[in-house]
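The structure under discussion appears below in the form of structure tokens.
Numbering (the numbering used here), first residue to last: 320 to 509.
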């Protein structure tokens, strides 16, 4: 029970930290904001918080149950943004994101899942200095990060069925991308 509560708390804190990174990006919708967004992942790595996109690529280390708990905790953490006023930049971001066809959203999410998996590998190899490059890369490429997108959705107050379908596609795409990059990592050792 204690371990479950700790996992939930670390997951909520992970969502809050990504909410902070998303807020920074929305307030500075430029390359500097994309760079500053990386503070979220660096805090998660260095304080041991949990992030769905940081664990989903490691199925041998994380049970499906734990991954779902982390995802739910991240969603709860994102809700801290309800205390902030609606962001017109977030409204525009979300409006533009849901215009893409589902398959393009999936591919963008797949790419982001792979990049975040790579950032996790950078951290595991004591190369945190590479993490901001990965974060800037996925943001500047327009790739879809499920937890960041949830933050933008909350900041935009965009709670519709179309947005729900969008975020489900992104969650699945992030998982597939992370798993593919993990599998690819194993291929490079053969």
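Note that beta-carbon positions come from the ideal geometry of N, C-alpha and C, so glycine has one too.
Computed from a prediction, not measured in an experiment: that's the story for all the values here.
Where residue i falls, given that 16 or more other Cβ within 10 Å makes a residue buried
| i | result |
| --- | --- |
| residue 367 | exposed |
| residue 424 | buried |
| residue 407 | exposed |
| residue 382 | exposed |
| residue 461 | exposed |
| residue 448 | exposed |
| residue 371 | buried |
| residue 478 | exposed |
| residue 351 | exposed |
| residue 451 | buried |
| residue 502 | exposed |
| residue 505 | exposed |
| residue 344 | buried |
| residue 388 | buried |
| residue 393 | buried |
| residue 369 | buried |
| residue 386 | buried |
| residue 324 | exposed |
| residue 493 | buried |
Span of the alpha helix (DSSP H), counted from its first residue to its last, around residue i
| i | result |
| --- | --- |
| residue 365 | 358-366 |
| residue 443 | 421-443 |
| residue 478 | Where residue 478 is concerned, there is no enclosing alpha helix (DSSP H), given that its DSSP letter is neither H nor E. |
| residue 329 | 321-346 |
| residue 372 | 371-374 |
| residue 379 | That residue, residue 379, is in no alpha helix (DSSP H); it is neither H nor E in DSSP. |
| residue 462 | No alpha helix (DSSP H) contains residue 462, which DSSP labels as neither H nor E. |
| residue 410 | 407-416 |
Residue from the options with nearest C-alpha to residue i
| i | options | result |
| --- | --- | --- |
| residue 487 | 501, 472, 476, 499 | 472 |
| residue 409 | 476, 450, 451 | 476 |
| residue 337 | 328, 347, 321, 362 | 362 |
| residue 455 | 324, 333, 341 | 341 |
| residue 418 | 441, 482, 348, 440 | 482 |
| residue 396 | 499, 322, 327, 497 | 327 |
Quick check: the stretch 463-471 against the stretch 411-420, are there 3 or more CB pairs under 8 Å? With the cut-off at 8 Å, the stretch 463-471 and the stretch 411-420 touch.
Three or more C-beta pairs under 8 Å: does that hold for the stretch 397-408 against the stretch 425-432? Too few Cβ pairs lie closer than 8 Å, so no.
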